[in-house]
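Read the structure below first, then the notes.
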Amino acid sequence: MNKLSIKHWAEEDRPREKLLLKGVSALSDSELLAILIGSGNDKESAVELCRRILQKADNNLNKLGRYSVNDLTSNFRGVGPAKAITILAALELGKRRKREEVPDKKKIGSSKDAYNVFYPILSDLNHEETWALLLDRSNKVVSTIQVSRGGISGTVVDIRLILREAINHYASSIMLAHNHPSGSCTPSPQDTMITKKLKEAAQWMEIALLDHIIVCGEAYYSFADEGII
Numbered sequence: 009m010n011k012l013s014i015k016h017w018a019e020e021d022r023p024r025e026k027l028l029l030k031g032v033s034a035l036s037d038s039e040l041l042a043i044l045i046g047s048g049n050d051k052e053s054a055v056e057l058c059r060r061i062l063q064k065a066d067n068n069l070n071k072l073g074r075y076s077v078n079d080l081t082s083n084f085r086g087v088g089p090a091k092a093i094t095i096l097a098a099l100e101l102g103k104r105r106k107r108e109e110v111p112d113k114k115k116i117g118s119s120k121d122a123y124n125v126f127y128p129i130l131s132d133l134n135h136e137e138t139w140a141l142l143l144d145r146s147n148k149v150v151s152t153i154q155v156s157r158g159g160i161s162g163t164v165v166d167i168r169l170i171l172r173e174a175i176n177h178y179a180s181s182i183m184l185a186h187n188h189p190s191g192s193c194t195p196s197p198q199d200t201m202i203t204k205k206l207k208e209a210a211q212w213m214e215i216a217l218l219d220h221i222i223v224c225g226e227a228y229y230s231f232a233d234e235g236i237i
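For the sequence shown, the positions run 9 to 237 when the working numbering is used.
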């Protein structure tokens, strides 16, 4: 069965034309991806191919963001390196856009507020990273910094680096976070040790460690909420 090319669809159903007529918010995720890749294969239109890509990722853009170029090119006919790179670049831009909204947020008043900041940074990674929010006296974000980048099972945190950045930004407090690619929210003994060490070291500088968040997908663990800090 031959596919029906997008150019033969009704004009209002073509992704680009639909965007012009109805606005970008009217498009589905598969239609937006179809605009990025431009064409499908000999059996599928770009929209059909992108719909299948999304189905493979459980219709979850965060899960799709974890895919590599090889994941896309080896599993989907019609997706070469250029198309795969375009998809991953677009998803990364979306994540960075979300990250840039942080300075405009109201003060961070809870673990949930902190999780909402860290989620777009950490949720779709296949390796561990540690980040920190540096806050002023009003608990507003002064800076968001990457502390370390590690492997699947762990990362090394340099407490001196965190404190140096906090001092350089005149921060009054810190919120630390890292992710667990496994999806488990249970803190490791190393997580607890780093938390206690950073809290003690920061106190000497009159800087408070307000929380340590573990991002594990759609859930999180808060050392402060659990009474450990």
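C-beta: ideal position from N, C-alpha, C; glycine also.
Between Ala-209 and Trp-139, the CB-CB gap reaches or exceeds 8 Å. Membership of Ser-119 in the alpha helix (DSSP H) is indicated by the continuous run 119 to 130. In the same chain as Cys-58, and ignoring 5 residues on each side of it, the C-beta atoms closer than 6 Å to its own belong to Ser-38, Leu-41 and Ala-42, in chain order. Under the rule that a run must span 3 or more residues, the beta strand (DSSP E) segments found entirely inside the region 172 to 231 read 181 to 187, 216 to 224 and 227 to 230. Under the 10 Å beta carbon count, His-135 is surrounded by fewer than 16 other beta carbons and is classified as exposed. Nearest to Leu-62 by alpha-carbon distance, out of Leu-99, Leu-29 and Leu-28, is Leu-99. Each residue's CA atom was taken as its position, placing Leu-218 and Ile-182 some 6 Å apart. Annotation: the continuous beta strand (DSSP E) that includes Glu-137 extends over 137 to 143.
Under the criterion of beta carbons closer than 8 Å, Ile-170 and Leu-206 qualify as touching, at roughly 7 Å.
By the Cβ neighbour-count rule, Thr-200 is exposed, with fewer than 16 other Cβ atoms within 10 Å of its own. Glu-226 sits exposed, since fewer than 16 C-beta atoms from the chains shown fall within 10 Å of its C-beta.
Within the same chain, Ile-221 and Tyr-228 come within 6 Å of Tyr-123 by CB-CB distance, once the 5 residues on both sides are set aside.
Gly-46 counts as exposed, since fewer than 16 other C-beta atoms from the protein chains shown sit within 10 angstroms of its C-beta. Secondary structure at Arg-157: strand, using DSSP grouped into helix, strand and coil. For Arg-59, the enclosing alpha helix (DSSP H) covers residues 54 to 64. Taking C-beta separations shorter than 6 Å and ignoring five residues to either side along the sequence, the partners of Arg-85 in its chain run Asn-49, following chain order.
Rounded to the nearest whole angstrom, the C-alpha separation of Lys-103 and Arg-74 is 12 Å. The residue among Asn-67, Glu-234 and Lys-120 with its C-alpha nearest the C-alpha of Thr-194 is Glu-234. For Glu-234, no alpha helix (DSSP H) encloses it, and the DSSP letter there is neither H nor E.
As a beta-bridge residue in DSSP terms, Thr-152 pairs with Leu-141.
Between Asn-70 and Asp-144, the C-beta spacing is not below 8 Å. Shown here, Val-87 sits in coil according to DSSP, grouped into three states, outside any helix or strand. Going by DSSP, Asp-37 is part of the alpha helix (DSSP H) stretching over 37 to 45.
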